[in-house]
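Take a look at the structure below.
See below:
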């Protein structure tokens, strides 16, 4: 279990460093209006396989905001909790602002393609809601997508089927043109009046950035 849980402590600083490298320049004066990732070099076209075994490309979501989370279905603790929060927030967003929610596509991309086949992803995504799309591919395809999206991941051991995968876990929000917009924290960022176990901070972020 430590292998999956430790990514918060170890991989978050690595991700922050990677994001700094990905940025085109320093933050602009109006970054709060543009989004924390405005101008960052994150993301690139890809074609992967969805939970129904069909090819799905990044351009398939053109015109939609894309809420992207990287993880894996065999994760014993972090990933299911994060996705539960993300999709609970999205469900609230649908009820609160149905027109805005219709512009958002939640996407789960596995970092464990060897085990996360389309049938496995189909069961996994169904558990969190009908709007969630799951994507997998060959190890080489996933490695390239991870590099393009500044995601760090790696097995905690080799030669066993019961390995864990350490990975960076903060969801990205991309705008309708596929450009990086903002990080969506899955943990309460320290607001005292927000329950840490709730999804209200995710809901607030979606309401802020989706126009």
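Numbering (the numbering used here), first residue to last: 5 to 215. For each residue, glycine too, the CB sits at the ideal point set by N, CA and C.
Do residue i and residue j have their C-beta atoms closer together than 7 Å?
i           : j           : result
residue 77  : residue 122 : no
residue 87  : residue 113 : no
residue 111 : residue 154 : no
Count the other C-beta atoms from every protein chain shown that fall within 10 angstroms of the C-beta of residue i, then say buried if there are 16 or more, exposed otherwise.
i           : result
residue 70  : buried
residue 175 : buried
residue 75  : buried
residue 81  : exposed
residue 184 : buried
residue 89  : buried
Give the DSSP bridge partners of residue i, in chain order.
i           : result
residue 70  : 109, 178
residue 59  : 53
residue 157 : 171
residue 184 : 178
residue 75  : 114
Look up residue i in the DSSP assignment and say whether it is helix, strand or coil.
i           : result
residue 94  : helix
residue 140 : strand
residue 208 : helix
residue 150 : helix
I need the straight-line Cα distance from residue i to residue j, nearest angstrom please.
i           : j           : result
residue 187 : residue 142 : 26 Å
residue 55  : residue 43  : 31 Å
residue 171 : residue 65  : 24 Å
residue 131 : residue 173 : 19 Å
residue 146 : residue 98  : 30 Å
residue 203 : residue 189 : 10 Å
residue 79  : residue 168 : 7 Å
residue 119 : residue 165 : 9 Å
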